[in-house]
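Report on the following structure.
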Amino acid sequence: MAKNIVIVEDDPDQRSNYMDAISKKGYAVRAFGSREEALGGFDEALPDLAILDIILGEEVDAGFQLCRELLTRAPNLPVIFLTERINEIDKISGLRLGAWDYLPKPISLDYLAERISSLLRINEVRSDQDRKESSSEKNIGFLALDQDALLVAWRDERIDLSGTEFRMLAKLVRMPGHAVSYETLMNATMQSLVTNNTINTHMRNIRKKFEKIDSKFSCIKSEYGFGYRWLDQ
Amino acid sequence: MAFKLKIRGPRLGTKLAMMGLTLLVIPWFSYLQLVEMERLLIQGQSQAQLLTAEGISTLFNGREDLFNDLPINVEDFEPLYALPLQSTIRLDGDAEDWGEDAQKSYLQFGSALGNSDADFSLLLGERDEYLYVHMRVQDQSIVYRDSEYLRLDNADHIRLNFIRTDGADGRVTLVFQESNVITGFPMDEQWRYSATGNADNRIQGVLKPSPDADGFFAEFRVPLDLLGSRTFFGMTFIDVDDVVDREVVASTQTLPPTEKQNFNLVVLRTPEVRKIVQGLGYAGARILVIDNQQRVRAEAGSVRPESVSDAEQSWLTLITVWFDDIRPWFHQLVTGETLDQSLGGRASAIDGVVDNPADKAITISLGGEPIALRNKVSETQELILAAHPIISSDEVIGTVIVEQNIDDILRFQRSALEQVLLLSVLSLFAIFIALIAFAGRLAWRIRNLRREASSAIDARGRLKKSQLFSEIRAGDEIGDLARSVSNMLEKLNQHNTFLESMPRTLRHEINNPLNTLSTSLQNLAEEHPDIDQSKYLASAQRGVNRIGSIVQNLADAANLEESLEAEELEIIDLDILLSSYVANCSLSHPGINFAYRGSNKPANALVSDFRIEQLMDKVIDNAVDFHRRDTPIRVQLDCFRDTLQISVANRGPTLSKEVRKSVFDSMVSHRGQENRLHFGLGLYVVRIIAEHHGGAVNALNLQDDTGVAFLVQLPLAGSRERGEDEMFRTERAVSTG
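Read top to bottom, the protein sequences are chains A and B.
First residue of the first sequence? That's 1 in this note's numbering, and the numbers climb one at a time after it.
First residue of the second sequence? That's 1001 in this note's numbering, and the numbers climb one at a time after it.
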């Protein structure tokens, strides 16, 4: 059965473009143009994944509100935000809304499709209670990384990272001790139009999430003028 | 800045103080007015006195009979002058109470030497309707009257003969009683017996033997009305030496020996005239009637003596003294003429003769002209003399002089002057203080406003405040100014906010259609795999990406300051950061040679590391773009006392002066047309980041003009408070060294 995906986007052209692209990938897509419509749609049936534009018409935070609404109904529902600004990344990062990812505009539809499939898969993996030790799980020092479930733990404590952050971290720890260039990290974000600053912002957010549970965390080193490096403690 | 010329005039306070100087016209005008007033008052008084004199003279006009009491020719007579006596005379034989002048006025009668028996000297005085007589008589033996004899001529006695009021001859004998009392008896024609038998009580006197026993003093008085209006009289001393035979041995009379007349003339003020004048006398004025022989015929009243008021406070006297000192100078300054000229000069100006004004007044008025003169009798006392001729049958028969003190006027003037001066000085002082205080406050307020207004915009022209706070509630023009400036700032701020938010709005507005475009292109490619390879699709995608990055860059630059605010700063050793950074530069810019020279000691600064990295990216990008091939790009870190300095130097084209000024401004690019992806945001970002860290940036040409150096100065950790001037000092040190 096709997965049910909801798109909330106020611009009809973009909305139909997303719909077309996603439908082609074999998903059942419902699209809404405003928060109210979307809420009505959620009442009918909860989707398996939601793609939310943050600004809907005049409502600047409508995407976040919808996300909160969805997560109260289905806590593990994957959400993808469509953002416009870097500072919104911070905002999203601070929300800790659960399993989610985001994609800055202008959107690459390929990346979007990839994210959708990735998040759906993750949700499946996570919901699989009897899952055995996955082969995709990887341990580097105190860091535990589950590529399939997009789960990260530090000293056995789980850390919520967004899809983008997870991919960056995974790239960083692939060869511990080696510097990873900005370019590599940029590719890992699976976004178009990424600058060093975007990478720096993401890295800072990742660092903060680690420091929250371990104030002595210092594995992520800046390699000024080049990129980052993971150092084992 | 070009318009920062040296425009500096007098300050507000100076201007107001200078305007305050115009207040000096107040004492100036006051003084002129006072001088004019004094002139008017004196003129008024002169007029009044002249009128008085005229009035009095009118009384005498045609009354030459009053003066005709006197013979026209005085030389026919031996005049006996009677002194006007100042004080009350005690009839005691001593002439001490007659006053000092009297001692010289004795008239000698008798023998030429004046030492024979019966010689006498005579002093006449007049006071209170009495004629006072003091005689010094040479007489070896005084023979008193023997009351047993009825005859009165058989003892020493004095005969007075005169013309009575009724025109008949008057005879009075003064006899000496044993008690040294002098008694007067009206006599018969033979001078032997008393005509009435009774003494005339109106005649009183005493006798006083002289201490040398060679005579006696007689002092007596006779009522003037006894002598009649003409006051002719003769006096004879009859000397009797022998008590037994009582024969007259000698007599001395006042008549000249060759004289046909029987009488002497006693020159008195004409009683008739005096009576008239006395009725006219008024306080403070002296009225003199003078005949055409320049003799005083009547006098009434007295000039009020100078009133002495020294009981004033000492500081007032001090001011007075001081004022007296400056007055001549002040007078000349204000009126342009010397004080003496305007005060006393008028009298002498009449005929050019410096003369006693009183004499002049008499002379002129006897010439037939009424005149009023000022007469300065002493340093402090001044009189006005008004003289008006008395005319009878077209002939001047005398003059009336009214003399009055102008003390009052002068005192009034002086005190008014003092007051004016004092008030002027005080008010000038007060107004000056007030003006200066006002100006000071005004200047202070304006300065405050200026300071706040100029601090509302920083050196780069960015708005730092959206409104002013000082003077905003003031109700005056400065308040208006403050409000309007504040209003301006507010509007500017709105506009600025609009401008600042524009890139974001623009991004939002552009991103959506761009996204539509992008996704449409992607869908198109998906739908028609045959055109997926089309170069047009690829270029369309590139265009979309390009627009996206342009918008992204613009928005990032516009948001830079805002996002910098959110940055957390930590203390980082920039030496480590830079050495690692420069080492990595070689990797990211292959083929370019980078050289780094560190500070050899920790260069700790409170920074956000990846912002510094971003800053370096931009500076290095710039250096790479402009460097001459195969020349190294040198990065150097220097530590000064409070600041550290990162310099990035490359060989290549130098910067002109204008470019150096604007190179760190937003949207300024000097790369030319070939490099369209740069919007002049790179070095702007450098400046914003440096300034956010409390630092500064500068662009210099290398000393030998072979390239440029970009300097970034940042405060060392712990020295943020120490101001920018330190930084500029080090900058200077670098640029000159």
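Where a beta carbon is used, it is the ideal one built from N, C-alpha and C, also for glycine.
Tell me, please, whether the CB atom of residue i is closer than 9 Å to any CB atom in chain B?
i	result
A:SER117	no
A:ASN187	no
A:SER108	yes
A:GLN14	yes
A:LYS241	With chain A covering 1 to 233 only, the question about residue 241 of chain A has no answer from this structure.
A:THR164	no
A:ASN196	yes
A:ASP232	no
A:ALA31	no
A:PHE226	yes
If you draw a straight line from the C-alpha of residue i to the C-alpha of residue j, how long is it?
i	j	result
B:THR1730	A:GLY177	Its pLDDT being 45, under 50, B:THR1730 is placed unreliably by the model, and the measurement read from it follows with that caveat. Roughly 40 Å separates the two Cα atoms.
B:SER1210	B:ASP1166	38 Å
B:LEU1435	B:ILE1406	41 Å
B:ALA1386	B:GLY1398	14 Å
B:GLU1096	B:ASN1201	25 Å
A:ILE220	B:MET1488	50 Å
B:ILE1620	B:ASP1458	28 Å
B:LEU1091	B:THR1236	20 Å
B:GLU1312	B:ILE1364	Bear in mind that a pLDDT of 49 at B:GLU1312, under 50, signals an unreliable position, so the number given afterwards is only what the model happens to contain. Distance between the alpha carbons of B:GLU1312 and B:ILE1364 is about 42 Å.
B:SER1454	B:ILE1446	12 Å
B:LEU1113	B:LEU1150	35 Å
B:PHE1330	B:GLY1368	40 Å
B:SER1392	B:ALA1053	16 Å
B:THR1519	A:LEU109	7 Å
A:ILE55	B:ILE1550	22 Å
A:MET237	B:ARG1634	The question about residue 237 of chain A has no answer, for chain A in this structure spans 1 to 233.
B:ARG1504	A:ALA188	26 Å
B:LEU1442	B:GLU1565	39 Å
A:GLY227	A:GLU84	24 Å
B:HIS1528	A:GLY163	31 Å
A:PRO75	A:ASN196	33 Å
B:ARG1483	B:ILE1472	6 Å
A:ILE7	A:PHE64	14 Å
A:ARG121	A:SER34	28 Å
B:ASP1291	B:ARG1063	12 Å
B:ALA1474	B:GLU1490	18 Å
A:ASP156	B:MET1616	39 Å
A:ARG229	A:ALA45	45 Å
Mind checking if residue i is an interface residue toward chain A, Cβ cutoff 9 Å exclusive?
i	result
B:PHE1664	no
B:ILE1688	no
B:ASP1587	Here residue 1587 of chain B is Leu; the residue named in the question, Asp, does not match the sequence. At least one chain A Cβ lies under 9 Å of B:LEU1587.
B:ASP1625	no
B:ALA1558	no
B:ASN1604	no
B:ASP1617	yes
B:VAL1712	no
B:VAL1582	yes
B:SER1520	yes
B:LEU1578	yes
B:GLN1614	yes
B:THR1515	The sequence shown places Asn at residue 1515 of chain B, rather than the Thr named in the question. Yes, because at least one Cβ of chain A sits closer than 9 Å to the Cβ of B:ASN1515.
B:ASN1593	no
Name the chain C residues whose beta carbon is nearer than 7 Å to that of residue i?
i	result
A:ASN200	No chain C is present in this structure, whose protein chains are A and B.
Inset, instruction - Give the residues from the segment 1530 to 1551 of chain B that approach chain A closer than 8 Å (Cβ to any Cβ), ordered along the chain. - result: VAL1544, ASN1545, GLY1548, SER1549
Inset, instruction - Report yes or no: do three or more beta-carbon pairs, one from the segment 1640 to 1657 of chain B and one from the segment 1699 to 1708 of chain B, lie closer than 8 Å? - result: yes
Inset, instruction - Indicate whether the contact test is met: 3 or more Cβ pairs, each with one atom in the segment 1557 to 1565 of chain B and one in the segment 1497 to 1508 of chain B, closer than 8 Å. - result: yes
Inset, instruction - State whether the segment 40 to 57 of chain A contacts the segment 1535 to 1542 of chain B, with contact taken as three or more CB pairs (one from each stretch) at a distance under 8 Å. - result: no
Inset, instruction - Evaluate contact between the segment 1185 to 1197 of chain B and the segment 1109 to 1126 of chain B, counting only Cβ atoms and requiring at least three cross-stretch pairs below 8 Å. - result: no
Inset, instruction - Counting only runs of 3+ residues fully inside the segment 118 to 194 of chain A, write out the beta strand (DSSP E) ranges in chain order. - result: 137 to 140, 143 to 146, 151 to 154, 157 to 159, 179 to 181
Inset, instruction - Quick one: which unbroken beta strand (DSSP E) runs of 3-plus residues sit fully inside the segment 1377 to 1451 of chain B? Chain order, please. - result: 1382 to 1392, 1395 to 1405
Inset, instruction - With 7 Å as the limit, tell me which residues of the segment 1502 to 1513 of chain B have their beta carbon closer than that to any beta carbon of chain A; keep them in chain order. - result: ARG1507, HIS1508, ASN1511, ASN1512
Legend entry - Continuous alpha helix (DSSP H) assignments of at least 4 residues falling wholly in the segment 1004 to 1043 of chain B: 1012 to 1020
Legend entry - Stretch-stretch touch, CB-based, cutoff 8 Å, three pairs: the segment 193 to 210 of chain A with the segment 1571 to 1586 of chain B: no
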